[in-house]
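Report on the following structure.
There are 2 protein chains.
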Amino acid sequence: MADRQCAVLGAGLRSREVTLERRSRRFSSDRLERLARRLMNASTLCAMATAWPGGRPHINHMYFAWSSGFDVVWISDPDSRHSRNLSVNRSAAVTIYDSHQTWGGFDRGIQLFGTAGAVSGAAAEQAERNYAARFSSFDQAANSYPFYRFRPSEVKLFYERVLGGGTLVTAKVTGERLAWARTEVFA
Amino acid sequence: MADRQCAVLGAGLRSREVTLERRSRRFSSDRLERLARRLMNASTLCAMATAWPGGRPHINHMYFAWSSGFDVVWISDPDSRHSRNLSVNRSAAVTIYDSHQTWGGFDRGIQLFGTAGAVSGAAAEQAERNYAARFSSFDQAANSYPFYRFRPSEVKLFYERVLGGGTLVTAKVTGERLAWARTEVFA
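Chains as they are written, first to last, in my numbering: chain A, 807 to 993; chain B, 807 to 993.
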């Protein structure tokens, strides 16, 4: 029994050492941007969290396009619940993942946290270019919905095959660049 | 020009009549439950919106299983951001969709709105049975995370091939039953 306890304790210590070592792991901006771009392309659908007036969480999913600065753009009815939420509170969060992943395999996905709202003028034209480039059947002449843009201030990358199992890497977004902020390991 | 205006106006009126007719469309509980079950099975990953203390929206995605009453269950580290959010504010929203849909095709998905938290006792055992039945490589003996359960009070079904284009059907959840509440059309 004592042996078993020591063995378990030893395993626990080794596990904690590995976790601490991985938590201190930093990543270059170039590498994070390369990985983030791959993760943004994993799906043309994303889910977005917004807040009702009063703070209750809402969720929707939608087709999106994105720009080199990790801005997410889409078209929406201004009367939809998420559009109305954003007109009062611009705070939002987006997650992008391939839904065909398998439990127990190497998982991946990206979460983005920032603010969003309807855009006009040059920003709307840029959003339209991004959107039309991604969705070839999109016809702006037939579109009556405004463009919306989400701008992240922080992203979280989950890419187990590359970053390690249970590892979440957080980066700050400045312009088109990502800067490593921290590495968390859920062992 | 006058002709064109009349033609456009006529189309607009017809479109509004169709929209109003579709908005009054009700669906039986049996039919909604059958559709909802199909939509819940579209993916083993879902996205969940929770609120930070203060109300800022958070989002994550995770593997989930579900029970006949449309409860969503999963395992999570209690230290993860979404678990910590739920320990303060149980309000949550979940969306489930197949990410391999094509822009311009018949889209589908389900959104669920309710409350969530860690479960223990009989509820945790039920969650474990649902989870183990869905994920054959899940090993409860090796699992150190608690089970969480989300219970919806309202669901929104989007199933264009069956319900019609741009049609969102809202239902209230009572026990294991769905009751039609309203039909919205985003034409």
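Positions of the beta carbon are idealized from the N, C-alpha and C atoms, including for glycine.
Given residue i as reference, the closest of the options once Cα atoms are compared
i: A/F941; options: A/A985, A/R957, A/V894 and A/W872; result: A/W872
i: B/A848; options: B/W858, B/F870 and B/R832; result: B/F870
i: B/T850; options: B/R837, B/T901 and B/R831; result: B/T901
i: B/A924; options: B/P884, B/N936 and B/R983; result: B/P884
i: B/R935; options: B/V979, B/W880 and B/R844; result: B/W880
i: A/C852; options: B/D877, B/D904 and B/S926; result: B/D904
i: B/G971; options: B/K978, B/A977, B/A993 and B/P952; result: B/A993
i: B/D877; options: B/R843, B/Y951 and B/P859; result: B/R843
i: B/R896; options: B/A857, B/V961 and B/E960; result: B/A857
Bridge-paired residues (DSSP) for residue i
i: A/S794; result: Missing from the structure shown is residue 794 of chain A; chain A here goes from 807 to 993 and no further.
i: A/L974; result: A/F964 and A/E990
i: B/F833; result: Note: B/F833 sits in no beta bridge, so no partner.
i: A/Y869; result: A/L851
i: A/A857; result: A/P863
i: B/A985; result: B/K978
i: B/W880; result: B/Y954
i: A/G915; result: A/F964
Proximity below 8 Å, CB of residue i to CB of residue j
i: A/M868; j: A/A898; result: no
i: A/R887; j: A/H864; result: yes
i: A/V968; j: A/W986; result: no
i: A/F912; j: A/E966; result: yes
i: A/A1077; j: A/R955; result: The requested residue 1077 of chain A does not occur in the structure, where chain A is confined to residues 807 to 993.
i: B/Q917; j: A/N949; result: no
i: A/W909; j: B/S835; result: no
i: B/G915; j: B/L845; result: yes
i: B/F1001; j: B/A933; result: The question about residue 1001 of chain B has no answer, for chain B in this structure spans 807 to 993.
i: A/Y937; j: A/S882; result: no
i: A/T973; j: A/R828; result: yes
Residue i: contacting residues in chain B (beta-carbon distance under 8 Å)
i: A/R843; result: Correct list: empty, because the minimum Cβ distance to chain B is about 17 Å.
i: A/H888; result: Under the 8 Å cutoff, chain B gives no residues; its nearest Cβ is about 10 Å from A/H888.
Residues that residue i contacts on chain A, provided the C-beta gap is smaller than 7 Å
i: B/N866; result: T901 and Q917
i: B/Y869; result: W909
i: B/P863; result: A855, T856, A857, P863, S897, A898 and A899
i: B/S849; result: S905
Contacts that residue i makes with chain A (C-beta to C-beta distance below 8 Å)
i: B/A939; result: In chain order: nothing, as chain A lies at least about 12 Å away.
Exposure label - residue i; buried when at least 16 CB within 10 Å
i: A/D945; result: exposed
i: A/V894; result: exposed
i: A/P958; result: buried
i: A/G875; result: exposed
i: A/E839; result: buried
i: B/R810; result: Here B/R810 scores only 35 on pLDDT, less than 50, and its place in the model should not be relied on; the value that follows carries that caveat. Exposed.
i: A/A947; result: exposed
i: A/T980; result: exposed
i: A/S830; result: exposed
i: B/S889; result: buried
i: A/A808; result: Low local confidence applies: a pLDDT of 34 at A/A808 is under 50, so the model's placement there is unreliable, with the coordinate-based value given in what follows. Under this definition A/A808 is an exposed residue.
i: B/A939; result: exposed
Any chain D beta carbon closer than 8 Å to residue i
i: B/L984; result: Among the protein chains in the structure shown, which are A and B, there is no chain D.
Chain B contact residues for residue i, given Cβ-Cβ distances below 7 Å
i: A/D883; result: F992
Chain-ordered neighbours of residue i on chain A, where CB pairs are closer than 9 Å
i: B/F944; result: W909 and G910
Any non-hydrogen atom of the ligand COA within 7 Å of residue i CB
i: A/R862; result: This structure simply doesn't include the ligand COA, nor any ligand for that matter.
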